[in-house]
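Anchor point for the sequence shown: position 282 equals 282 in the UniProt record's numbering, and the numbering is continuous, going up by one each time. Backbone N, C-alpha and C fix where the C-beta goes; we use that ideal spot for every residue, glycine too. Here the structure is laid out as structure tokens; the discussion comes afterwards.
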Amino acid sequence: MGTAEATSAQHAVWFTEQAGVAGTAYHMAWGVRFAADLDRRALVAACAAVTEQHPVLAARVVTDDDGVPHLAPAHTRPAVVMGQWTDARVAEEIARPYDLRTGPLARFTLLTAVDGSHLLLVTAHHLAFDGTSKDVLARDLAAAYAAARTGAPASSTPRTDGYAGLATAEQQRIAADLPAAREHWARHWSGTGDVVLPGLRRLPTGAEPGEAVPLDLPADVVDGVDRVARSIGVTRFELLFAVLHALLRRYGNHGVPVGVALSTRTPEQADQIGLFVNELPVAPPPATDTFRAHALAVRARLREVYRHRAVPLAQAVPGLRPAPALTPVSIAYRRRDADPTFAGVAGAVEWTLFCGAARNALHLQIVQAPDGLTVSLQHSPAAIDTDSVRRIGAHLRTMLAAVVADPDRPVADLPVLPADELDRVTRTVNDTAREYPAETVPALFAARVAAAPDAPALVDGDRTLTYAQLDAAVARLAALLRRRGIGRGALVAVALDRSWQAVVTVLAVLRCGAAYLPVDATNPPARREAILADAAPTLVVTDSAADTGRPTLTVEDGDLLDGPVPDRPTDLPAADDLAYVLYTSGSTGRPKGVAVRHGALANLLAGVRDLLGSGSSDRWLHLTSPSFDISTVEVFLPLVTGARVVVASSVSALDGPRLLRLIRDTGVTHAQATPSGWRVLLDAGLGVPDPYTGRPPAPLVAVAGGEALPVALARRLRARTARLINGYGPTEATVYATMAEIPAEPDEVTIGRPLPNVRAYVLDEARRPVPLGLPGELYLAGAGLATGYLGRDDLTAERFVPDPFGRPGERLYRTGDRCRWLPDGRIEFLGRIDDQVKIRGHRIELGEIDARLLDHPDVAAAATALRHDADEPRLVAYVVGRPGAALSPVQLRQHLASSLPQAALPTDYVTLDRLPLSPNGKVDRAALPAPAPRDQAGAAPPDTAAADDPVVQQLRQIWQEVLRIPDIGVHEDLFDLGGHSLTITRISGRIQQRLGVEVPLDDFFETPTIAEIAEIVRQSGKEF
């Protein structure tokens, strides 16, 4: 063959190889197994003959002055190398790098086993080879072997005149179809999207070491594929492709395309060896009802793409960077005829030997041979673990079997999980049943008083109360409450800050059989009033004379500490009685009250006690506001286990060093805080020796809850504490539903496993269990569920839904949290499904902030988003002003501060002309811009390339020559001008020729303007 310019497919492969991300992904391999009576001489002659027939096997790559690759004859031809047949040698040969500039592009290796059998291993680079080339070469090799055995001259005439004129003819075909292809991909290509696969950790960054996992299909399923395909009116491949698309949709992928390698061979090229494929993405069709309709829709979509197979996607879509993988998921299907016959020797073709590299997150390889269907799943173990890939294979098998059984079944009803995995994600992970005594907090506390009346129960500053003293104070206040009509079924608002008086009050309310409602005094008056109006409590207990407009009881120390001790009532609350009501943020701007039963509270305390441990030698820090649900653990768990409550004053709670001093001086053994709170304590010196006394820190059990715990913070906190527990749970599931023990030096932070008598399910949009490792919405069930929302039956019915996995009448709570099961039964928290966030432990509905912003007379539209800076969450408000209005961040903050808690106040305010909207007309929060740093706001980017700069002038000339556009601005995007990988190669080559600077090809994708490339050229330090 002579020198011939590379085709577009070959150029894309070359471009990727030059970028250094191809690995062994472009190494193609197959082999022929021979019996011991192989005629080696004839086989060597046959390999030489087929190389003469197909000169591309003996080619190398050369580049012209512009850096454009061409194929030219190599200096040496492939010779048959002999060796010992071992699996390691086969893998070594397949992975052996190619020197593309030296060649040749193919290798023949004859390996012999200890039993005398042989394997002819044929490896070739994708530049010179594709799937059909295997069939061509196998057939020609068998014919050449037969000729060599008989002594007849083998054909050495090249099948074609090489690649001469091939690139030119291809460019003519591309030019003819390019306008239609660009119009098609403008409608059907919007990127690969975020693929969702079970166990997917990340996408491969290039070709990575890979594995091939075989997928066995039952014989009846394989037999049924052809029958069902014929009944639908699709090919076997189209049916299997439709099943893959259906499975991806069930995984939650609604727009992720699948890459397919389409043949671009013309009839004249049918017997030619070379690269004649174009990989293109096939997007999923719109959702249909039955699988039959879905398969026909996939067929139509596939054939529409096939009409544009002549045009590389990189030329039809400006700015698309060539890469080993076009899409995260791909599929390949080959139909193989019967193996060719090698004269005088038994031979069997191994059509597909894995190259050892994975280009995609997942690649489905299907080979149809006369003896059956061979299916494998190729993947990078670093991106997705092998066990997860095996489960994906089981999902494909399960869905395909259902399709074969009934192709008219709705796609949404096709089963995905095999029976063993379904049992695992519904029953095995929820084997949490445990028998706990049916006692409530008042009874449990009474038992501790009787067991150790003189033991310290509570410390608040200089005041220490024993269990007997605390019990007496509770009894006195309970008597006052009963005289005010408080009994079972009543609701008492407790408007007290964290203090010993507040602890006495909530215990007294519970002793009366009533439920308590904490009201945070730090909330704005409007919010406190809204909560009281909604809850309509029977009584408000406070320590001030403030007028609440409702029946009020003012608590004074003398009422609690002095006077006779009334008898304890015998009518204590039962498990189904309400214990407390906590108000959380509401998406409509109206807070909602979560009503929690005594049974749920008692179950929580027992479960946390068993996990964390708590006894008479322990001291629990009471740090949290009573209106925050984790305060129930800080107060009640120590008091029902004989431990001590240490109250942190309002001043100490806000002062890291002072709080740390309290922990040290009182010997606190257990503490809870949000991640934000733990940062404050770590910065103050938690876990290091006392700087004044040198005393080493006491062992501390730390519980993090209220918001996501970052890995970096978990490492730091775990190193300074005896134990670290990450707790998760919405108020509707009674504080904590799951907990995780964090190990030393953690690589990840999960929310652990369900607590005793709590069940967890990760479900899809139709409330079906999702596979292990796949994201879904977390639902909770069991003994920890709240009864619902106070006075909000409609909202209760919306969020608390029937439990299809439990006993009749049981319910599930929809958390709105996106989670996934890990294979070991732990749950990983991935974020919020809706727009609810947590800031410093406070659950906040972004919609509530939006609603309050819209109350401002100058705001026409508003949206709030959560952003993170150095792991610290912050709220950013985006507003659109009414015509003529001047929006001030100070005024907006003051406006919000009148009705929202401090944690819900945005830190930044950004004024926009309009809010970005998603296709369904909703605000697209992900598209909201990041707020500019205050010192850069309004600053324009400097012009780094003046038009009269000599570097710019030369670059502009190169751009004009290659793109054939007479006038190009220095800030115009190369890809908007029609650039693609081939034009980049030519531009880069001319820059190197004329300016002596090598600009990496990837830089053109990151900085695609003359001005930006000029800056890169200048950084070389050369004089121009």
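Please classify residue i as buried or exposed, where buried requires at least 16 neighbouring CB atoms within 10 angstroms.
i	result
residue 210	buried
residue 692	exposed
residue 619	buried
residue 314	buried
residue 890	exposed
residue 802	exposed
residue 940	Note that residue 940 has pLDDT 33, beneath the 50 cutoff, so the model's placement of it is unreliable and the number below is only indicative. With fewer than 16 other Cβ atoms within 10 Å, it is exposed.
residue 654	exposed
residue 850	buried
residue 736	buried
residue 538	buried
residue 8	buried
residue 838	buried
residue 564	exposed
residue 1014	buried
residue 570	exposed
Leaving out five residues before and five after residue i in sequence, what residues of the same chain have Cβ atoms less than 7 Å from its Cβ?
i	result
residue 830	775, 818, 819, 820
residue 261	277, 279, 332
residue 317	185, 189
residue 1016	999, 1003, 1007
residue 177	308, 310, 311
Between which two residues does the alpha helix (DSSP H) holding residue i run?
i	result
residue 455	First-last for residue 455: undefined, no H or E at that position.
residue 610	598-612
residue 950	950-963
residue 657	656-666
residue 748	Looking at the DSSP string, residue 748 is not in any alpha helix (DSSP H), and its letter there is neither H nor E.
residue 988	981-995
residue 677	675-684
residue 56	That residue, residue 56, is in no alpha helix (DSSP H); it is neither H nor E in DSSP.
residue 652	650-653
What are the start and end residues of the beta strand (DSSP E) that includes residue i?
i	result
residue 171	That residue, residue 171, is in no beta strand (DSSP E); its alpha helix (DSSP H) goes 166-188.
residue 1019	First-last for residue 1019: undefined, no H or E at that position.
residue 34	27-34
residue 621	619-622
residue 366	362-369
residue 376	372-379
residue 350	347-350
residue 129	Residue 129 -> no beta strand (DSSP E), and no H or E assigned at all.
residue 723	723-728
residue 767	No beta strand (DSSP E) holds residue 767; DSSP gives it neither H nor E.
If I measure Cβ to Cβ from residue i and keep anything under 8 Å in the same chain, skipping five residues before and after, which residues do I get?
i	result
residue 852	589, 895, 896, 899, 900
residue 249	284, 287, 411
residue 487	512, 513, 514
Can you list, in chain order, the residues of its chain whose CB lies under 6 Å from that of residue i, leaving out five sequence neighbours each side?
i	result
residue 54	273
residue 206	21, 324
residue 82	110
Practice prompt. Inspect the CB distances between the stretch 412-424 and the stretch 224-240 and report whether three or more fall short of 8 Å.
Written response: Counting C-beta pairs with one atom in each stretch, the stretch 412-424 and the stretch 224-240 have fewer than three that are closer than 8 Å, which means they do not touch.
Note down, one range per segment and in chain order, each alpha helix (DSSP H) of at least 4 residues found wholly within the stretch 188-237. Taking 4 residues as the shortest admissible run, the stretch 188-237 contains the following complete alpha helix (DSSP H) segments, listed from N- to C-terminal end: 219-232.
Q.
With three or more beta-carbon pairs closer than 8 Å as the criterion, would you say the stretch 329-349 touches the stretch 294-302?
A. The stretch 329-349 and the stretch 294-302 do not touch, with fewer than 3 CB-CB distances between them shorter than 8 Å.
*Three CB pairs or more closer than 8 Å across the stretch 394-407 and the stretch 215-229*: Because the criterion of three Cβ pairs below 8 Å is met, the stretch 394-407 and the stretch 215-229 touch.
Minimum length 3: unbroken beta strand (DSSP E) runs contained in the stretch 783-835 = With a minimum length of 3 residues, the unbroken runs of beta strand (DSSP E) contained wholly in the stretch 783-835 fall at 800-802, 811-821, 827-832.
message: With a threshold of 8 Å, are at least 3 pairs of Cβ atoms found where one atom belongs to the stretch 768-787 and the other to the stretch 622-641?
response: Too few Cβ pairs lie closer than 8 Å, so no.
* Using 8 Å as the Cβ pair cut-off and three pairs as the minimum, do the stretch 64-77 and the stretch 138-157 touch? -> These segments do not touch.
Problem set entry | Uninterrupted alpha helix (DSSP H) stretches inside the stretch 405-450 (no shorter than 4 residues) | Positions of the alpha helix (DSSP H) runs, each at least 4 residues long and wholly inside the stretch 405-450, are given as 419-426 in order along the chain.
When the Cβ atoms of the stretch 710-725 are set against those of the stretch 572-580, are three or more pairs found closer than 8 Å? With the rule of 3 Cβ pairs closer than 8 Å, the stretch 710-725 does not count as touching the stretch 572-580.
Check your understanding: Whole alpha helix (DSSP H) runs in the stretch 232-273 with 4 or more residues, listed along the chain?
Key -> Whole alpha helix (DSSP H) segments, 4+ residues: 236-250.
Do the stretch 555-570 and the stretch 523-534 meet, that is, are 3 or more Cβ pairs less than 8 Å apart?
A contact between stretches requires three or more CB pairs, one per stretch, nearer than 8 Å, and the stretch 555-570 fails this requirement with the stretch 523-534.
Report the residue ranges of all beta strand (DSSP E) runs contained in full by the stretch 852-912; include only those spanning at least 3 residues, in chain order.
Here the runs fully enclosed are 859-869, 872-881, 908-911.
_Runs of beta strand (DSSP E) lying entirely within the stretch 550-586, each at least 3 residues, in chain order_ = The beta strand (DSSP E) runs of length 3 or more contained entirely in the stretch 550-586 are, from start to end of the chain, 552-554, 578-584.
query = So, do the stretch 431-443 and the stretch 519-530 have three or more beta carbon pairs nearer to each other than 8 Å?
reply = Look at the beta carbons and you see the stretch 431-443 not touching the stretch 519-530: under three pairs across the two are nearer than 8 Å.
(message) Does the contact criterion of 3 or more C-beta pairs under 8 Å hold for the stretch 453-464 versus the stretch 478-488?
(response) Look at the beta carbons and you see the stretch 453-464 not touching the stretch 478-488: under three pairs across the two are nearer than 8 Å.
Q.
I want to know whether the stretch 726-741 touches the stretch 376-387 - three or more CB-CB distances under 8 Å.
A. These segments do not touch.
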